[in-house]
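K.L.:
Could you have a look at this structure, given as structure tokens, before my questions?
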Amino acid sequence: MYLSGATEKVNYRVKAVSGNDDIRAFLSTLGCYENTEIVVLKKTRSNYIIGINGVRYGVDMDIVSAIELCE
Numbered sequence: 073m074y075l076s077g078a079t080e081k082v083n084y085r086v087k088a089v090s091g092n093d094d095i096r097a098f099l100s101t102l103g104c105y106e107n108t109e110i111v112v113l114k115k116t117r118s119n120y121i122i123g124i125n126g127v128r129y130g131v132d133m134d135i136v137s138a139i140e141l142c143e
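Heads up: the sequence shown at position 11 corresponds to 83 in our numbering, and the numbers run straight through without jumps.
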């Protein structure tokens, strides 16, 4: 399952990070790696507010579609 299918306010673990080099590098700077805990705090049409390591980030759908979660 990808982050786009996640339920708000439920903790998940990152299974894999895909996408091009820029997206993977950006997520790396946020601390988003395999086995990192992540939570979707709020969904809108074009953006998500996510929590990684206790910090909130606003990300667009390109980033959201690059994060695969463990179910």
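We treat Cβ as the ideally placed atom computed from N, Cα and C, and that holds for glycine.
Could you check which residue in Y129, A138, R117 and N92 has the C-alpha nearest to that of V111?
P.N.:
Y129
K.L.:
Leaving out five residues on either side along the sequence, give the residues of the same chain with a beta carbon under 6 Å from the beta carbon of T108.
P.N.:
So the qualifying residues of the chain are V86.
K.L.:
Label I88 either buried or exposed according to how many other C-beta atoms from any shown protein chain fall within 10 Å of its C-beta, with 16 as the threshold for buried.
P.N.:
Residue 88 is actually Ala in this sequence, not Ile. Looking at its Cβ environment, which holds fewer than 16 other Cβ atoms inside 10 Å, A88 is exposed.
K.L.:
For L75 versus I139, is the C-beta spacing smaller than 7 Å?
P.N.:
yes
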